Amino acid sequence: MVKQSPPCGDTRRSYPAADILGRVLSNGTRVTKQPNDLDGSVERHGPAEVARRSMIVLGSTAAFGLAGYLATLLVPIGYTAKLGLDSSKPLLSRDHLAQAIATEPLAAVSGDGTQLRVAASAATEAEARSIAEQAAARIEARLAEVSRASAIATRQPTIELPTVPQETASATGKEEIANASASSKSAADLRASAKSAREEAAGLEKRIATLEVDLGPNADQLASAIAAETKARAAQSSIDRLRAAISSSRAGQTLAAVSPPPNGWAEWVRLSDDRARLQNQVSVLSKTLLDGHPRMAMARLRLADLDTQVRTKQQEVMRSLDIQQRNAQARVAEAGRRLDALRAAALDAEKAQQKRREYQQQRDVALRLAERLEASADAIQAALTQPAGAPPTAEAKATRTAPSAPLAPNPPASLPPEFTRTWMPSTPQHADPIPVSAASALFGFLFSAVGLFLIGNRRHGGKQSAVLPTMPHVAPNAFVPDAPRSKPFDVTPIDDVIDAAISSNVSRIMLAGETGTTSTPPLAVNIARRLSLRGQSVALVDMSDSQAAARTMGVGANAPTITDLIEGRASFASVAARDFATQAEIVPGGTSANGSPLDASFERRNVLDFVEKSYEAIIVDCTGITPDRLASMMDADAALLVAVDASSVERVQQRIDALKQVGLGDMILVSENKNG
């Protein structure tokens, strides 16, 4: 076989794929099958190949593992927000604190009892902060209720005075009478002290009467104010989340928490849904129609118009949300001021109550002191008037008692603690890198191993058997002296062409020939079927005038064709048909509406490019078409085969010359005859 090439100095285009196929079939080489291929011992399983594949598998495993590790470090799966509640004084007892934070598993109290920590985790930082604020508000409300209950419990204290037995009192009375007789202090002095104590008690009683005590807000009012502030903050957080969703063109589910809905929301959602549906339709149409098809052009224009409308409506919604956000911020500020005022009023009321209790305690102490001083004065007076050595009277026995212990003031009532909220830096949460890296490495190992296995099968015919070689090898011919040729051309048998096509990975083969050849079935059908039997994914595109290849592979005369695909009457799925004998597929070319063959070169090339993306190789039957039409369908990576069966030497030479005139000088002559 002699590969026909343009003459020296010819600057017309050349096709690399045909050049590769021609080199495989040139005079200097021949396609042979190594004997060791038949028993499964082939060179591709040598040490070098095994080492190369092992390095690929190990490299892929390491790369996927490293990618998984970096993903766990760079991409957070959530955020943890921490809120500190600082108090100016120690909080309640540990039991009360445990009761207040019992339902908050992420809350903790410091060792000195003056600081609480509330933590919350969520997918976004804003949601985590909102959850932490709500938990803090609940804890503050519970602490206020506990403090209020403690204050009520300690509001009526009881003071018990120590008592002295009667015998001890009598003895003490005698000693005091004796001391009083010996001292210069008289009963008049004691009565003067008692009078002073009563005057002090009267003054304290006036202070108590003039002191106005406001009970302040109750626990329900304080809890209601805290709930109102929490609700206002939650509404503000919902608006912030909705703004973020709209900014990223996502119609989030946070609208249920926003009332009233922003202006233009319903229209924006409708336009967004219409755009999403149209995008899906364009994606489906792109699989069956060409980019220049009228339906595709109209769909893309409509999609661009919807994009403009969605952006305009999105701006309107964002303006409305800005207004709602400012209103929400104002409501949060107002709720905060009201809560601060209630807390201040509660604190003032507690201070006034404490002052009132202190005055009452001082008054009671003064009255009791006056009573005891008067009793002591009466006892001294009675002792002085009795004869010496006489026993004390019953009145003296009753009034003379041991000095009482000092009166302890009532314990102060617990005031509601005041908190200062302090946000600590939010921390992102990352997944554990070890299992993620291990899973990624395992995926990389399986992916590379399966990929090498599938690629190896594809290169070597797909289905391996004991009678077919897994890979054709190119070996040099032994030197043979030139001998006179009986033919002016070298013609390659079809079997050698198929072996060379598989080994060179040519994806498009253009077959030219004359109408009316004796090959039955046509040569293009034989090539497609044999490639399919060798494990290749093949499609035969019949662009000939006679459509003989399509009829041979079982396509009816009324079946949809490429013409219907271009004119929008059919999809590619309905045009492509499966060969009744093999797994190859046939795509009939058809004719235009006026009955003439398909002649739009631009649309023909678009169709061939579209078909080539879906198969490993396509065979384009160009039998009977003119060289100009053939040149318009050629591609830089296509291989050109010329069928010479049932053609005279003169006809073959004329066809070669005609192809060279249109720039197709790189070709291979092929025949169904195994002897060439």
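Under the UniProt record's numbering, the residues of the sequence shown are numbered 1 to 676, in order.
Where is the CB? At the ideal position from N, CA and C, for every residue including glycine.
These numbers were taken from a predicted model, which means no experiment stands behind them.
Can you tell me whether residue i is buried or exposed, with buried defined as 16 or more other CB within 10 angstroms of its CB?
i: K613; result: exposed
i: S647; result: buried
i: G292; result: exposed
i: V649; result: exposed
i: V525; result: buried
i: A438; result: exposed
i: G444; result: buried
i: P435; result: exposed
i: T515; result: exposed
i: P588; result: buried
i: D542; result: buried
i: A379; result: buried
i: V323; result: At residue 323 the sequence reads Ile, which differs from the Val that was named. Flag for I323 reads exposed.
i: P522; result: buried
i: I625; result: buried
i: I455; result: exposed
i: S247; result: exposed
i: E49; result: exposed
i: G556; result: exposed
i: S54; result: exposed
i: L565; result: buried
Which of the three DSSP states, helix, strand or coil, is assigned to residue i?
i: K351; result: helix
i: V587; result: strand
i: K660; result: helix
i: A120; result: strand
i: M296; result: helix
i: G444; result: helix
i: M634; result: coil
i: P493; result: strand
i: Y615; result: coil
i: G336; result: helix
i: S426; result: strand
i: I668; result: strand
i: V644; result: coil
i: D364; result: helix
i: G65; result: helix
i: T72; result: helix
i: A341; result: helix
i: K195; result: helix
i: K82; result: strand
Once the 5 residues before and after residue i are set aside, which same chain residues still bring their CB inside 7 Å of it?
i: A123; result: G78
i: T422; result: G84, D86
i: Q221; result: L342
i: L339; result: A225, I226, E229
i: L204; result: Y359, Q362, R363, A366
i: V611; result: A539, V541, V587, I618
i: D635; result: R508
Spatial neighbours of residue i within its chain, please: CB distance less than 8 Å, with the 5 preceding and 5 following residues excluded, ordered by chain position.
i: A441; result: T61, A62, F64, G65, G68
i: E267; result: K313
i: Q309; result: L271
i: R300; result: V282
i: L211; result: A352, K355, R356, Y359
i: V57; result: F445, S448, A449, L452
Might you give, ordered along the chain, the residues of its own chain that have their beta carbon closer than 6 Å to the beta carbon of residue i, omitting 5 neighbours on each side?
i: L290; result: N606
i: A81; result: A120, A128, R129, A132, S426
i: G264; result: K313, E316, V317
i: L659; result: P627
i: T420; result: D86
i: residue 684; result: Outside the displayed range of the chain (1 to 676) lies residue 684, so it cannot be described from this structure.
i: A370; result: A194, A197, R198
* Asked: Counting pairs of Cβ atoms below 8 Å between the segment 626-644 and the segment 558-576, do you hit three or more?
  -> no
* To do: Indicate whether the contact test is met: 3 or more Cβ pairs, each with one atom in the segment 490-499 and one in the segment 575-582, closer than 8 Å.
  => no
* Asked: Does the segment 222-236 come within contact of the segment 352-363, defined as at least 3 CB pairs closer than 8 Å?
  -> no
* Asked: Do the segment 534-546 and the segment 652-667 meet, that is, are 3 or more Cβ pairs less than 8 Å apart?
  -> no
* Do the segment 198-205 and the segment 366-380 meet, that is, are 3 or more Cβ pairs less than 8 Å apart? -> yes
* Decide if the segment 238-245 is in contact with the segment 292-309; the criterion is three or more beta carbon pairs, one per stretch, under 8 Å apart. => no
* Counting pairs of Cβ atoms below 8 Å between the segment 603-621 and the segment 506-517, do you hit three or more? -> yes
* To do: Please go through the segment 205-253 and give each complete alpha helix (DSSP H) segment of 4 or more residues, from N-terminal end onward.
  => 219-247
* Which runs of the alpha helix (DSSP H), 4 residues or longer, sit entirely within the segment 506-585? -> 523-533, 548-552, 562-566, 572-575
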